[in-house]
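Before any comments, here is the structure.
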Amino acid sequence: MGPILDKAFKEMLGHWNQMSASAPEQAEADAERFQHSFYELIDLIRDWIEGMKRRPRTLDEALKLPEIARMIESLPAPLYLNMETELELIVEGQSRVEDAFDN
């Protein structure tokens, strides 16, 4: 899963950078692209973790997985809490509740 996660992470970072530098007329479209790529990455992480023979049982264990640790090192600070929250849901076997704005 390494190369697939790496590619999705780089794509998400690219969309983050693009959104961060958006002109006002592009802001909404760039934000939607970023959000989509972030949750695609989260879905890949969920599938990867759920497919493990020995899944992490705590958020701490998940954060120590080498693939996750590399992502966290490169993650822009404003995204850390979002990533941590999503990882915690994955470890707890829960799914994010989508609201009307997610579609």
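Per this note's numbering, the sequence shown runs over residues 2 to 104.
Backbone N, C-alpha and C define an ideal beta-carbon position, used for all residues, glycine too.
- Item | Within the stretch 54-88, ranges of the beta strand (DSSP E) (whole runs, at least 3 residues) | none
- What residue range is occupied by the uninterrupted alpha helix (DSSP H) comprising P25? In the sequence shown, counting from the first residue as 1, residue 25 sits at position 24. No alpha helix (DSSP H) contains P25, which DSSP labels as neither H nor E.
- Message: Between the alpha carbons of F35 and D48, how many angstroms are there, rounded?
- Response: Locating residue 35 in the sequence shown gives position 34, counting from the first residue. Locating residue 48 in the sequence shown gives position 47, counting from the first residue. Cα to Cα, F35 sits roughly 20 Å from D48.
- Hey, how far is the Cα of W17 from the Cα of L42? Along the sequence shown, one-based indexing puts residue 17 at 16. Along the sequence shown, one-based indexing puts residue 42 at 41. Computed Cα separation, rounded: 13 Å.
- Is D31 near S38, with beta carbons less than 8 Å apart? To locate residue 31, count along the sequence shown from 1; it is residue 30. To locate residue 38, count along the sequence shown from 1; it is residue 37. No, the Cβ-Cβ distance between D31 and S38 is not below 8 Å.
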